[in-house]
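Participant: Please read through the structure below; I'll follow up with questions.
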Amino acid sequence: MNINITGDGLELTPALQEHVKERLNKIERHRDQITQVDVVLSVTNKRQKAEITMVVPHSPDINAESTTDDLYISIDEAVDKLSKQYLKMKDKAMTLQRQRQEHDKEELEEVAE
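Numbering (our numbering) for the sequence shown: 384 to 496.
Written as structure tokens, this is what we have:
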């Protein structure tokens with residue numbers, strides 16, 4: 384998984400970069416085919432914003448963002464949102480796959496009769 388971290392209007396400190404990578408490890412454990420994660424951290428009018436985009440092949444990109452007074456909290460909230468969206472997408476794909484397998488099995492049984 385390739386992680387790109389960009390700061391818009393702020394300096395990216397090593398501690399900030401480490402926090403982002405540490406939090407993204409939460410998603411990496413589910414990592415089937417996550418190829419890239421883009422993180423944009425910005426500050427506007429004393430509001431700290433974290434935007435995260437995750438690229439998964441053969442699926443739409445997953446986006447999450449959070450804006451709070453603390454950048455670390457924004458990162459945590461955005462990663463939590465991203466994780467929930469990814470697990471929902473993965474669960475939906477698995478459900479569709481099971482339904483297709485059951486449908487194919489039923490068709491084979493009908494043909495065998």
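Backbone N, C-alpha and C define an ideal beta-carbon position, used for all residues, glycine too.
1) Thinking C-alpha only, which one of Ser442, Lys475 and Tyr455 is nearest Glu434?
2) Let me check understanding here. Comparing Cα to Cα, which of Asn408, Val438, Leu399 and Gln480 lies closest to Asp421?
3) Among residues of its own chain, excluding the 5 on either side of Arg430, which ones have a beta-carbon nearer than 8 angstroms to its beta-carbon?
4) Taking C-alpha atoms, which residue in His486, Ile417 and Glu492 lies nearest to Met472?
5) What is the DSSP secondary structure of Met477, reduced to helix, strand or coil?
6) Measure the CB-CB distance between Ile445 and Leu465 and report whether it falls below 8 angstroms.
Facilitator: According to the structure shown:
1) As a working note, residue 434 is residue 51 in the sequence shown. Ranking Ser442, Lys475 and Tyr455 by Cα distance to Glu434 puts Tyr455 first.
2) Here residue 421 refers to the residue found at position 38 of the sequence shown. It is Val438 whose Cα lies nearest to the Cα of Asp421.
3) Residue mapping note: residue 430 aligns to position 47 of the sequence shown, counting from 1. Excluding sequence neighbours, Arg430 sits near Thr450, Thr451 and Asp452.
4) Residue mapping note: residue 472 aligns to position 89 of the sequence shown, counting from 1. That would be Ile417, whose Cα lies nearest to the Cα of Met472.
5) Mapped onto the sequence shown, residue 477 falls at position 94. Met477 falls in the helix class under three-state DSSP.
6) The residue labelled residue 445 in the question sits at position 62 within the sequence shown. The residue labelled residue 465 in the question sits at position 82 within the sequence shown. In contact: Ile445 and Leu465 (Cβ atoms closer than 8 angstroms).
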